[in-house]
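Protein chains in written order, with the working numbering: chain A, 638 to 881; chain B, 2 to 251.
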């Protein structure tokens with residue numbers, strides 16, 4: 638029963654894809670089955686694996702930086718109310734600007750290659766993680782804090798028994814959003830300023846009009862992003878259980 | 002201005018001033034970042050020359066089309082799904098994963114399908130924006146009090162009239178949140194797509210200037226986009242506050 642709806646959705650998407658393919662034909666699309674075969678062949682190709690490793694490596698570093706820096710910005714801003722109020726509109730403005738325009742700046746600072754990709758993934762992820770972390774800390778119930786003081790909790794006990802359990806659910810939501818954006822940032826970085834990685838392969842396939850490859854890469858990225866997101870979502874919902 | 006606003010403005014001014022001094026003093030080399038005053042000067046010159054007016058118009062037109070299309074489609078789909086719970090339940094995992102998928106990965110595919118015109122850029126903007134509108138429309142429609150719907154039934158309103166006269170007006174503040182996101186996402190989508198591959202537009206001009214080491218033009222256009230997007234978002238924010246205040250009074 639739990640699996641029926643997602644399964645139905647999957648079938649629907651595949652059906653829609655197949656119908657679209659039958660409509661436009663080989664000029665612009667391949668069928669789902671053919672794409673899955675192509676992807677399988679690509680994953681078996683040893684020349685392809687270094688590109689996956691390159692992207693994963695860039696993404697993991699960028700995402701890790703985004704989480705650490707995002708928390709370092711967000712948690713203090715949540716604790717200091719006035720600083721938070723000053724910073725919030727700035728963070729929201731940063732969230733809504735097209736960060737892709739900043740890419741040339743990143744390239745000029747870091748040069749073409751791994752550091753630029755990592756930095757670009759990181760700046761995409763930092764803002765949402767810090768916004769969620771700020772709100773998570775800000776919304777900790779003050780009664781809990783007063784109770785902790787009355788009971789004379791030590792700072793470490795306060796952190797582990799009150800602060801972390803109270804703020805963690807929202808922080809995980811922020812990390813989930815940051816994960817997606819850091820992935821987009823990394824791929825965008827590879828699309829412009831890189832000779833390796835999945836983003837670079839996508840650009841190459843686009844200029845060669847290699848539809849099989851475009852579709853196989855897109856499928857791989859979608860499956861990866863959706864899969865990790867589903868896992869994070871499960872953690873997220875588990876932590877939010879019983880919360881208002 | 003409130004105290005928070007004052008501190009915020011001074012903080013931003015301080016940061017811009019710091020960047021200016023660091024650039025002027027040569028701590029940050031000019032081939033990496035040019036001083037903010039030089040950016041502003043260059044922006045003024047570029048705008049006055051009218052050289053990029055067609056690009057600016059093209060980008061704004063594409064963003065505009067993406068916003069309008071995503072609002073129409075988003076509100077229509079949101080309204081439809083709200084009255085069809087079975088379909089909504091099936092689509093729920095799609096809503097949850099939608100923004101996790103790197104949308105730009107579809108850009109090469111869209112170029113193959115639509116060709117190298119304006120359509121792929123508009124499509125990316127639309128795809129990014131439409132889900133925010135759907136989700137916020139649903140969120141608003143879920144909160145319509147049952148008593149209003151009972152009143153609608155008493156007056157014998159049909160589906161369309163009930164939606165346009167009761168449900169959607171009630172959900173308006175939530176739809177407005179969707180609208181704000183649609184504006185931001187349309188800008189992000191269109192300009193990002195122009196950046197990847199296109200033949201005109203502000204994003205295209207920035208990447209063109211970058212490839213030609215033309216820092217003056219590049220920073221001028223980056224500044225232009227940042228100022229434009231921030232101004233638009235802030236105006237929408239102010240407008241929303243005013244609308245909400247009026248509603249609370251009523």
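A virtual CB, placed ideally from N, CA and C, is assigned to each residue, including glycine.
Between residue i and the rest of its own chain, which residues show a CB-CB distance below 6 angstroms, the 5 nearest in sequence each way excluded?
i, result
"residue 212 of chain B", "none"
"residue 828 of chain A", "836 and 840"
"residue 163 of chain B", "153"
"residue 135 of chain B", "75, 78 and 79"
"residue 716 of chain A", "774"
"residue 867 of chain A", "none"
"residue 71 of chain B", "127, 130, 131, 134 and 183"
"residue 167 of chain B", "149 and 153"
"residue 172 of chain B", "141 and 142"
"residue 768 of chain A", "728"
By Cβ distance, which residues of its chain are closer than 8 angstroms to residue i, with the 5 residues on each side in sequence left out?
i, result
"residue 704 of chain A", "762, 766, 812 and 815"
"residue 26 of chain B", "none"
"residue 202 of chain B", "56, 59, 60, 63, 122, 191, 192 and 195"
For residue i, does the count of other Cβ atoms within 10 angstroms reach 16, so buried, or fall short, so exposed?
i, result
"residue 98 of chain B", "buried"
"residue 119 of chain B", "buried"
"residue 774 of chain A", "buried"
"residue 820 of chain A", "buried"
"residue 832 of chain A", "exposed"
"residue 159 of chain B", "exposed"
"residue 695 of chain A", "buried"
"residue 46 of chain B", "exposed"
"residue 772 of chain A", "buried"
"residue 94 of chain B", "buried"
"residue 239 of chain B", "exposed"
"residue 780 of chain A", "exposed"
"residue 40 of chain B", "buried"
"residue 73 of chain B", "exposed"
"residue 860 of chain A", "exposed"
"residue 157 of chain B", "exposed"
"residue 137 of chain B", "buried"
"residue 721 of chain A", "buried"
"residue 236 of chain B", "exposed"
"residue 139 of chain B", "buried"
"residue 684 of chain A", "exposed"
"residue 736 of chain A", "buried"
"residue 778 of chain A", "exposed"
"residue 844 of chain A", "exposed"
"residue 757 of chain A", "buried"
"residue 794 of chain A", "exposed"
"residue 4 of chain B", "exposed"
"residue 234 of chain B", "buried"
"residue 788 of chain A", "exposed"
"residue 6 of chain B", "exposed"
For residue i, does the three-state DSSP call read helix, strand or coil?
i, result
"residue 216 of chain B", "helix"
"residue 721 of chain A", "helix"
"residue 734 of chain A", "coil"
"residue 140 of chain B", "helix"
"residue 154 of chain B", "helix"
"residue 663 of chain A", "helix"
"residue 146 of chain B", "coil"
"residue 103 of chain B", "coil"
"residue 31 of chain B", "coil"
"residue 683 of chain A", "coil"
"residue 36 of chain B", "coil"
"residue 26 of chain B", "coil"
"residue 93 of chain B", "helix"
"residue 707 of chain A", "helix"
"residue 3 of chain B", "coil"
"residue 640 of chain A", "coil"
"residue 668 of chain A", "coil"
"residue 159 of chain B", "coil"
"residue 117 of chain B", "coil"
What whole-angstrom Cβ distance do residue i and residue j have, given they're in contact under 8 angstroms?
i, j, result
"residue 646 of chain A", "residue 91 of chain B", "5 angstroms"
"residue 225 of chain B", "residue 13 of chain B", "Residue 225 of chain B to residue 13 of chain B, Cβ: 18 angstroms. No contact."
"residue 142 of chain B", "residue 125 of chain B", "The Cβ separation is near 27 angstroms, so there is no contact."
"residue 217 of chain B", "residue 35 of chain B", "7 angstroms"
"residue 753 of chain A", "residue 826 of chain A", "6 angstroms"
"residue 33 of chain B", "residue 739 of chain A", "Between residue 739 of chain A and residue 33 of chain B the Cβ distance is about 13 angstroms, and since that is not below 8 angstroms, they are no contact."
Leaving out five residues before and five after residue i in sequence, what residues of the same chain have Cβ atoms less than 7 angstroms from its Cβ?
i, result
"residue 872 of chain A", "809"
"residue 856 of chain A", "672 and 676"
Note to self: Going residue by residue through the stretch 49-84 of chain B, where are the continuous alpha helix (DSSP H) segments of at least 4 residues, counting only ones entirely within it?
What the structure shows: Runs found: 54-83.
Notebook entry, point to check: Quick one: complete beta strand (DSSP E) runs, 3+ long, within the stretch 812-880 of chain A?
Noted result: You should have found no qualifying run.
Item checked: Every unbroken alpha helix (DSSP H) within the stretch 189-251 of chain B, with a cutoff of 4 residues, ordered by chain -> Segments of the alpha helix (DSSP H) lying fully in the stretch 189-251 of chain B: 203-212 and 216-250.
Note to self: Going residue by residue through the stretch 742-807 of chain A, where are the continuous alpha helix (DSSP H) segments of at least 4 residues, counting only ones entirely within it?
What the structure shows: Runs of the alpha helix (DSSP H) lying entirely within the stretch 742-807 of chain A, each at least 4 residues long, are 751-775, 779-787 and 792-795 in chain order.
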